[in-house]
Amino acid sequence: MWLKVIMLAITILFIIISPLTHTVGVHHLTPLRRISSVAYVFTAEDGVVIVGTGPDDKVVCFKVSYGFSVKWLLTLGKGEIVASASPRDKYLALGVVGNTSTDVIVVDIRDGSILKSFILHARVDEIRWVGDKYLALVFEEGGAGHWELSIYNLGGERVFTTTSLGPGFRLRQALVSGNTIVVLNSSLSLGARNAYAYVVGGVTHHLGGGVIALTLSSDGSLVAMLKRSGGEACLKVERVTDGYVILSKCLGNVSGGAVEFSHDGHYVAIAYGCGESELLEVFSLSNGSLVLRTRVLEGEPLVDFISWSPDSRYLLVRGVKELEVLNLSGVVVLSKVIIGDVDKVFWFPGSGSVGLVVEDETMGYDYFTLFSLSNGAEFKAVNGGVVDEYLLPKPCVLGLVFKDGTVDIVFGNGNVTRVVSPDGWHAERLLLRDWRNYSVQAIILYSSGKSVSLGEVLTSITYESTPTSPRGASARNTGFDGLVAGLSVIAIIGIMLLTILKRVKY
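Position 188 of the sequence shown, counted from 1, bears residue number 181 in the working numbering, the numbering being contiguous throughout.
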């Protein structure tokens, strides 16, 4: 009897205090008087780069230190904004888009100096770096509703262009790693879906037609494709520099699937339909051997995507309703039904958990959910819908911005530091940075609708410690409040135990 009572008390205590949520509030903000709206935010080694528009509708770009002092500022012309930071955050490419042309400006992030600028006589829709010497630009082709992707050097010279990409193309459909860009003509019919691989300063390879799915290795040296030809589909892994075939496997009559390289570069995984379920296969890139072959997502008609964990130990496969996480032995460590489309996957390797941003069309918002790989426990955060995310890899912490203007800083075990916006202000963007003394610095951009301010919160990376908010940002001592609340719960449970024990005794 006593043992049952003690176990019940421990269970109640665990439910009440886990996971822990600390609440902090930013009260004193640092105003950014030269900007009225924010379009892009980038991290730099010694500060934060912010791009937006000023009160006069001109494009403004500036860098502030992590202490929020302005280090440099550029004022450009009027127009829509496209922007992209180069690898290692050395340079910033800015596009100021007018009615018929785009001014492209390349800025040195260290001191704000303009390295190059040129005018492109087209309205650029998106911009992205390829290496640190070339830019990928997407713009409407001749006003015909079709899109073109072209690579330009920093002198404004076009060095590569695709054929028409159709009306639905977006740059995020192109894959970029290192100096390689792979493009799939995705909006055309299956038989005409051509893929191209281009190595800047090198050669262009037509990877063929009938491409169902493709992926690029993390170093940009290999491309993997699921291709269909003559009623059969095959998996091919090729070297992008010369088209040399590393791996080729025939799969039979397959109409759809997903393919993905592991982060360590040792494996390639493919999932495709087979009967009433999906097959997941993993091949070694060193010798082409089959490492894993197993059925996944019983009853699911299609695998949407595959996601490898950063340490390449686990694979997440997602179908229409369900997702599974498996190890390389084929053991399913997590199986869940998910309502909505998974937009983002965030792995927390040190905590053995995986987080998802899910688009729930029935409810009309995006929500975040975190699953433990050890016991399947779920933590869910809605707060009016996720509008921005920022993952800090080391230490692994995720920041979420919600429609209601609040911010959650989520740890791998589900513990949360919740940042409440000051009256009249809404959080719009978030950056996280490793801070000294086992802390994480959250830099939050707030908007009042007419002006922009920066706020800061420091929170400990140890899950049980108290968050603090120095340098103009005060916070309620929620660690002490939480401690008092926890001790109160323990005291109440202790009284309950004594009462029960007395009744048992008498």
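For every residue, glycine included, the Cβ atom is placed at its ideal position computed from N, Cα and C.
Evaluate N504 with the Cβ neighbour count: other Cβ atoms within 10 Å of its Cβ, from every protein chain shown; 16 or more gives buried, anything less gives exposed. Here the chain has residues from -6 to 499 only, and residue 504 is not among them.
Does the distance from the CB of Y307 to the CB of V289 come in under 7 Å? Judged by their CB atoms, Y307 and V289 are not nearer to each other than the 7 Å cut-off.
Please return the same chain residues whose Cβ sits closer than 6 Å to the Cβ of L66, not counting the five positions on each side in sequence. F55, listed in sequence order.
At which residue ranges does the segment 424 to 455 contain complete beta strand (DSSP E) runs of 3 or more residues, listed in the order of the chain? Counting only runs of 3+ residues, the beta strand (DSSP E) found wholly inside the segment 424 to 455 occupies 432 to 440, 445 to 453, in chain order.
Is I102 near V42, with beta carbons less than 7 Å apart? Contact check for I102 against V42 passes: the beta carbons are separated by less than 7 Å.
From this set, K64, S279, D104, H114, which residue's C-alpha is nearest G88's C-alpha? That would be H114, whose Cα lies nearest to the Cα of G88.
Contact criterion: CB-CB distance below 7 Å. Does G203 meet it with respect to chain C? In the structure shown, chain C does not exist; there is a single protein chain.
For D359, which residues in the same chain have their Cβ closer than 6 Å to its Cβ, ignoring the five residues on either side in sequence? Leaving aside the five residues that flank D359 on each side, the residues in its chain whose CB is nearer than 6 Å to its CB run, in chain order, V350, E352, G378, V379.
Alpha carbon to alpha carbon, how far is K83 from L425? Each residue's Cα considered, the two are about 19 Å apart.
Here's the rule: buried if 16 or more other CB atoms are within 10 angstroms of the residue's CB, otherwise exposed. What is A478? Note on A478: pLDDT 37, under 50, position unreliable in the model; no value is reported.
Report the residue from K337, W301, R311, W122 whose alpha carbon sits nearest the alpha carbon of L321. Distances from the alpha-carbon of L321 to those of K337, W301, R311, W122 put W301 closest.
Can you pull the DSSP bridge partners for K56? DSSP lists V42, W65 as the beta-bridge partner residues of K56.
Residue span of the beta strand (DSSP E) that contains S222, given as start and end: Annotation for S222: the continuous beta strand (DSSP E) segment containing it runs 215 to 222.
Boundaries of the beta strand (DSSP E) in which T16 is found, first to last residue: First-last of the beta strand (DSSP E) with T16: 14 to 18.
Range of the contiguous beta strand (DSSP E) that encloses W122: Taken as a continuous stretch (DSSP letters only), the beta strand (DSSP E) holding W122 covers 117 to 123.
Leaving aside the five residues before and after F61 along the sequence, list all residues of the same chain whose C-beta is less than 7 Å from its C-beta, in chain order. Closer than 7 Å at the Cβ level, and outside the excluded window around F61, lie T23, L447.
Within a Cβ cutoff of 7 Å, which residues of the same chain sit near C243, ignoring the five residues on either side of it in sequence? Excluding residues within five positions, the ones whose Cβ falls inside 7 Å are E225, C227.
As a quick exercise: from H256, S255, S214, pick the residue whose alpha carbon is nearest that of V238. Minimum Cα-Cα distance from V238 among the listed residues H256, S255, S214 corresponds to S214.
In terms of DSSP beta bridges, what is N146 paired with? In DSSP, N146 forms a bridge with Y127.
So, is G566 buried or exposed, given that buried needs 16 or more other C-beta atoms within 10 angstroms? In the structure displayed, the chain extends from -6 to 499; residue 566 sits before or after that span and is not available.
Mind checking K495: buried by the 16 CB within 10 Å criterion, or exposed? Any answer about K495 is weak, because its pLDDT of 46 lies below 50 and its placement is not dependable; what the coordinates show is given next. Under this definition K495 is an exposed residue.
From V390 to F339, what distance separates their C-alpha atoms? CA-CA distance, V390 to F339, rounds to 10 Å.
Under the assumption that L209 contacts V230 (Cβ atoms under 8 Å), give the Cβ distance between them as a whole number of angstroms. The pair is not a contact, with the Cβ atoms about 11 Å apart (cut-off 8 Å).
For L283, does the count of other Cβ atoms within 10 angstroms reach 16, so buried, or fall short, so exposed? By the neighbour-count definition (other C-beta atoms within 10 Å, threshold 16), L283 is an exposed residue.
For A188 versus L200, is the C-beta spacing smaller than 7 Å? The criterion of a C-beta distance shorter than 7 Å is satisfied by A188 and L200.
Grab me the residues of T197's own chain with a C-beta within less than 8 Å of its C-beta, minus the 5 sequence neighbours each way, in chain order. The residues are F153, Y189, A190, Y191.
Could you please give me the residues that DSSP links to S77 through a beta bridge? When DSSP reads this structure, S77 sits in a beta bridge with A86.
Which complete beta strand (DSSP E) runs does the segment 327 to 369 hold, if anything under 3 residues is left out? Within the segment 327 to 369, the complete beta strand (DSSP E) runs of at least 3 residues are 334 to 341, 346 to 353, 358 to 365.
Out of K51, A86, D96, D104, point me to the one whose CA is closest to A129's CA. Looking at the Cα atoms, A86 is the closest of the given residues.
Residue from E38, D39, V53 whose Cα sits closest to the Cα of G45: Answer by Cα proximity: V53.
For V318, three-class secondary structure by DSSP: Residue state for V318 is assigned as strand, using DSSP reduced to three classes.
Thinking C-alpha only, which one of T287, L366, F361 is nearest V326? Distances from the alpha-carbon of V326 to those of T287, L366, F361 put L366 closest.
As assigned by DSSP and simplified to three states, the class of D101: Here D101 sits in strand by DSSP.
Using the C-alpha atoms, what's the distance from V99 back to I112? Pairing I112 with V99, the inter-Cα distance amounts to about 12 Å.
Taking the straight line between their C-alpha atoms, what separation do you get for P386 and G223? Across the structure, P386 and G223 are spaced so that their CA atoms are roughly 44 Å apart.
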